[in-house]
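Quick note: the sequence shown uses this note's numbering, first residue 1, plus one each step. Structure record follows, encoded as structure tokens.
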Amino acid sequence: MILVAKYFWRFFFLILFQLVIFNHFEPGLGIQIMVYPLCVFLLPFEMPIIPLMLLSFGAGLTIDYFSDSFGLHASSLLLFGYLRPIFLKMYAPRDGYDPLKEPIIRDMGTRWFLLTFGYLMLIHHFWFFFFEIFRLGDFLFVLQKTILSVVLSFISALILQSFVVTRTKAQS
């Protein structure tokens, strides 16, 4: 029960940060800072795919509801949730994942976190911006928005991860 509460509070705080702070912060050049994929990434390694997909869709739909984005966040986070087990398997340690560890930078290391979360964020952001603009003629603009947004989102997610994970570990 304590684990469920821990993940609930992580979900709640990360989505709240997205809705209250990052949805209203526009650094320019079409950059959007999206840190809410971190709430799906921080779920346990052994999470079954169906609950993972349901949580991804629900979190994305919540962001969509408050952002008036008509399903863009839901579809991109659903893709993120679908690809998460694939990337976790690709970058799994030789002996498999330790059940006592979490998918955080402190437990898994910087290289592992950069590769898994970085690639997933890149795919998530590209999907989001491609369907937001939805014109092949603006492909370079989509790439520009994707790369700049991923860099700022990744840095923000690292900062939030250290804050949210530390707080929820102290509570449990």
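Using N, Cα and C, we set each Cβ at its ideal position, and we do this for glycine too.
Assigned secondary structure, residue i (DSSP; H/G/I helix, E/B strand, else coil)
i      : result
Asp64  : helix
Val219 : Residue coverage of the chain in this structure runs from 1 to 172, which leaves residue 219 outside it and unanswerable.
Pro85  : helix
Tyr7   : helix
Ala157 : helix
Phe22  : helix
Arg106 : helix
Tyr97  : coil
Ser56  : helix
Leu14  : helix
Leu120 : helix
Beta-carbon separation (whole angstroms), residue i vs residue j, contact threshold 8 Å
i      : j     : result
Leu160 : Leu14 : 7 Å
Ser56  : Leu78 : 5 Å
Selection from the options that minimises the alpha carbon distance to residue i
i      : options                    : result
Leu177 : Glu132, Lys6, Gly58        : Nothing about residue 177 can be read from this structure; the chain reaches only from 1 to 172.
Trp127 : Met47, Asp68, Cys39, Leu72 : Leu72
Leu195 : Pro99, Gly60, Ile21, Tyr36 : Only positions 1 to 172 of the chain appear in the structure, and residue 195 is not among them; the question remains open.
Leu19  : Leu114, Asp68, Phe113      : Asp68
Tyr97  : His24, Phe66, Phe45        : Phe45
Met47  : Lys89, Phe130, Leu122      : Lys89
Ile63  : Ile49, Ile31, Ile21        : Ile21
Phe113 : Ala157, Ile133, Pro27      : Ala157
Gly109 : Phe131, Leu122, Ala92      : Ala92
Gln32  : His124, Asp138, Phe134     : His124
Under 8 Å between C-beta atoms of residue i and residue j
i      : j      : result
Lys101 : Asp95  : no
Ile86  : Val165 : no
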